[in-house]
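Take 0 as the starting number for the sequence shown in numbering that gives the first Met the number 0 and just add one per residue.
Inspection log for the structure reproduced underneath, given as structure tokens.
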Amino acid sequence: MIKVILVPVLLGIILRSLAGEHVDKVSDVMPLISVIAIAMIIGGIVAVNADKILNCGVLVLGVVAIHNFCGMMLGLLAAKIFHVDYSRTTAIAIEVGMQNSGLAVSLAAANFAANPLATLPGAIFSVWHNIAGSIFAGIRRAGAERQTESGSGKLAEES
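Next up, the structure:
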């Protein structure tokens, strides 16, 4: 957990505090770099787990999809209960639904090395949550556009 979460976060904080003005100059390209990095990480996880995915993948995919859906719906519900505006409700739902699959794979590999299938859910989730999150975001964006076009302007109340 230290290598996967703590070190990158601390390095980011230190970099931002030491070179904030330089970080601002490259902030426009960082989302693209992030997408490329995520695609490479997912590709690596899937490549390492390809045999396991082919052998047991369908059952695990079903469980992972249900887990992801429940997470997104719980995030959506919690945000609605607290009357969060529409775009933030969407962000909260996606964030809750998209758990850290890279961390799951590394923890499973480190702590359950005797069970080679332990990393399988994290590997499948690495791919699934990106697909489901993108679909969910598209649905929510279309909903926001419909509400804007209808002139309601009450996205916060109808989220």
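Quick reminder that beta carbons are idealized off the backbone N, C-alpha and C, glycines included.
Under the three-state reduction of DSSP output, Asp50 falls in the helix class. In the three-state scheme derived from DSSP, where H, G and I count as helix and E and B as strand, Phe124 is classed as helix.
The C-alpha of Ala36 lies about 11 Å from the C-alpha of Gly43. Put simply, of Gly132, Ala141, Pro120 the residue whose alpha carbon is nearest the alpha carbon of Gly56 is Pro120. Inclusion of Phe135 and Met39 in the CB contact set at 7 Å is not warranted, their separation being larger than that value. Cβ neighbours of Ala64 within its own chain (closer than 8 Å, five residues either side excluded): Trp127, Ala131. The Cβ neighbour count for Ile4, taken over all protein chains shown within 10 Å, is under 16; the residue is labelled exposed. In the structure shown, Gln146 adopts helical secondary structure according to DSSP, grouped into three states. An exposed status is given to Asn54, since fewer than 16 other beta-carbon atoms sit within 10 Å of its beta-carbon.
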